[in-house]
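First the structure, in the form of structure tokens, and then the observations on it.
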Amino acid sequence: MTQPESFPGLHAWLDTPLGRYVMNWEVARFDVLVADIFGYNAVQLGVPEFDFLRANRMPFRFRAGAGDVLVETDYAALPFAAGSVDLVVLPHVLEFAANPHQVLREVERVLVPEGHVVIAGFNPVSLFGLKRMLAGEDCGYPWHGQYLSTRRLKDWLALLSFDTASQASGCFVPALAQQTWIDRLGCLDQAGERWWPIGGGVYIIHAIKRVHSMRLIMPKWDRKARARSLAPLIQKTGGPAKGPSQKTTDERNFGRD
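See the structure below:
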């Protein structure tokens, strides 16, 4: 039976006050980022409980992975042809994947040149990261994941020939379970965006796949070599000829008869 969540246990956390607080910020950011990305095919990997492609206008948009998806697949082995997808969104897949770098390699493979990827992740350099450290590795979702810093993630993207187009972080409220405290501390979001813009509990990175054209590098010949290569090839027999060439007997007697 297909499980209703992209990762076991994550679905329940998304329905908590803190989970809804995070998803509300992320969905609003995704709406802005994907609205003006054009093409034909767009795929969302992970968190099928939310539609992160709803603002996009590509003719074919679908969700893949596990749960309520159109295509069930392993994130590290996508069943799509190389260069067939224009946009991939990855909400909270990398921090819970067994091999996040392989997931990125698969995303790079299926994207067309100049294709887009939009990634959402939990920020280890934040109050959410502090909560993860205090909770320990044996706690449930989302605190036991392998949080990737934006610097590390951008290094991985650069190795795969992606250029980072933009990044943003949000959710500066501490990782509290009560809706009342989340509402009371909502002022921290505005203060955090102004004074500590990289310290939000979650971040979103938008990157573009670059395919650099090949450049033919010609060898640098010296002048003498170029002159020799352009000189006509003269077949010589015996020693070098001196003076005008000697005519044959038939040529000398031509026209005398």
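Position 19 (the sequence shown) corresponds to 50 in this note's numbering; numbering is contiguous.
For glycine and all other residues, C-beta sits at the position ideal for the given N, C-alpha and C.
A quick note: this is a predicted structure, and the numbers were derived from the prediction, not measured.
Helix, strand or coil: how does DSSP classify V120 here? strand
Nearest neighbour of N87, chosen from V233, L41, V58 [CA to CA]: V58
DSSP on R299, reduced to helix/strand/coil? With the chain represented from 32 up to 288, any question about residue 299 goes unanswered, as that position is not in the structure.
**Q.** Enclosing beta strand (DSSP E) for L179 [first to last residue]
**A.** Per DSSP, L179 belongs to no beta strand (DSSP E) and is neither H nor E.
message: I need the boundaries of the alpha helix (DSSP H) containing D105, first residue and last residue.
response: Careful: D105 lies outside any alpha helix (DSSP H) and carries neither H nor E.
Check your understanding: Using 8 Å as the threshold, is the region 137–146 in touch with the region 112–127, meaning 3 or more CB pairs across them?
Key -> yes
Same chain only: Cβ atoms within 7 Å of I265, ignoring 5 sequence neighbours per side: Any answer about I265 is weak, because its pLDDT of 48 lies below 50 and its placement is not dependable; what the coordinates show is given next. Here the set comprises nothing.
Assign C170 to buried or exposed, taking buried as 16 or more other Cβ atoms, counted over all protein chains shown, within 10 Å of its Cβ.
exposed
Beta strand (DSSP E) containing E145: first to last residue?
142–153
Report task. Using beta-carbon positions only, say whether V149 and V120 come within less than 8 Å of one another. Result -> yes
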